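Heads up, the sequence shown is in my numbering, so the first residue is 12 and it goes up one at a time.
These notes are about the structure you will find just below.
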Amino acid sequence: MGSDTAWTEGPALSAWIYNSPRGAAAGTVRLHRLSRRGAVVVVDAASVTWVRGAHRPLIAHPRLRTMSDRGGASPLGMLLRRLVRADSDATGDLRALAAELRGTGLSEDFLRQLRDCLAPDSSALVVVSLAADAAEVQLVIERGKARGDVRLCHVSLTRAGLAVLGARVGTASSASRRGAVLHAHGSPVGKRVPRGRAT
Numbered sequence: 012m013g014s015d016t017a018w019t020e021g022p023a024l025s026a027w028i029y030n031s032p033r034g035a036a037a038g039t040v041r042l043h044r045l046s047r048r049g050a051v052v053v054v055d056a057a058s059v060t061w062v063r064g065a066h067r068p069l070i071a072h073p074r075l076r077t078m079s080d081r082g083g084a085s086p087l088g089m090l091l092r093r094l095v096r097a098d099s100d101a102t103g104d105l106r107a108l109a110a111e112l113r114g115t116g117l118s119e120d121f122l123r124q125l126r127d128c129l130a131p132d133s134s135a136l137v138v139v140s141l142a143a144d145a146a147e148v149q150l151v152i153e154r155g156k157a158r159g160d161v162r163l164c165h166v167s168l169t170r171a172g173l174a175v176l177g178a179r180v181g182t183a184s185s186a187s188r189r190g191a192v193l194h195a196h197g198s199p200v201g202k203r204v205p206r207g208r209a210t
């Protein structure tokens, strides 16, 4: 089940939901600062910007230091594209996606919660992280909640689930390279990680 109050220290998927299409851009700047300080080890990140009147949102990949490989499609971006295409009146699409992601920690209920947060006239910054300094990240969360312009949709992932997410949503080749990086780094809060490339 997702949480809107706290960020856990282990592997997680977190969505910062903003009440304006421009909010995710500001959130990316804050995430970049956290990443540079070593407070968050980012595996993958994507922004979702949905301008009022548009049929679908724009999904982009911010330029952040990540553990994603240097080429190929982003598994997180592909997951988000499947979510926004899912019919809000039908459960079959989400049930099938949840079945593919069994073992990751991403339940059908959480996927539905995340999909419902992706709405017109809003934006989101979605992050898959390997590790985090929960106390430092929590300060950023509390400031955002005090401003009233952001809420957090967050779920813990299993460490094995990171590889499953890449293999079942992304491509097998990129998942195998990403899995090798994860095993090599372990739980590297505060350590340097390879710089990813926007896709």
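We put the CB at the ideal spot given by N, CA and C, even for glycine.
Since the structure is predicted, the reported quantities are computational estimates derived from the model, not experimental observations.
Query, Result
"Measure from the alpha carbon of V173 to the alpha carbon of each residue in L141, P73, L90, A57, then state which is nearest.", "Reading the sequence as shown, one finds Leu at residue 173 and not Val. Measuring from the Cα of L173, the nearest candidate turns out to be L141."
"Determine the direct distance from the alpha carbon of R170 to that of R126, and round the result to whole angstroms.", "23 Å"
"Can you tell me whether A135 is helix, strand or coil according to DSSP?", "strand"
"With respect to the beta strand (DSSP E) encompassing L163, which residues constitute its N-terminal and C-terminal limits?", "161-167"
"To the nearest angstrom, how far is the alpha carbon of R48 from that of E147?", "10 Å"
"List the whole-angstrom C-beta distance separating V138 from S25, where the pair is believed to meet the contact cut-off of C-beta under 8 Å.", "5 Å"
"Please list the terminal residues of the continuous alpha helix (DSSP H) segment that includes L45.", "34-47"
"By Cβ distance below 6 Å, which residues in the same chain neighbour L45 in space, the five residues on each side in sequence not counted?", "V51"
"Quick check on the burial criterion: 16 or more other C-beta atoms within 10 angstroms. Buried or exposed for D132?", "exposed"
"Just how far apart, CA to CA, sit A23 and S167?", "4 Å"
"Taking A33 as the reference, which of V161, L176, G177 has the closest Cα?", "Correcting the residue type first, residue 33 is Arg in the shown sequence and not Ala. Residue V161 is the option with its Cα nearest to R33."
"Exposed or buried, which one is D2 when buried takes at least 16 other CB atoms within 10 Å?", "What is shown of the chain runs 12 to 210, which leaves residue 2 out entirely."
"Where does G177 land, buried or exposed, given buried means 16+ other C-beta within 10 angstroms?", "buried"
"Alpha carbon to alpha carbon, how far is L94 from G88? Give it in angstroms, no decimals.", "10 Å"
"List the endpoints of the continuous beta strand (DSSP E) containing V52.", "51-61"
"Give me the Cβ distance between L129 and W61, rounded to the nearest whole Å; I'm assuming they're in contact under 8 Å.", "7 Å"
"Distance check for T39 and L108, CA to CA, integer angstroms please.", "27 Å"
"From R106 to S85, what does the alpha carbon distance come to, in whole angstroms?", "22 Å"
"Could you have a look at L105 and say whether DSSP puts it in helix, strand or coil?", "helix"
"Please report how far the alpha carbon of A71 lies from the alpha carbon of H165, in whole angstroms.", "20 Å"
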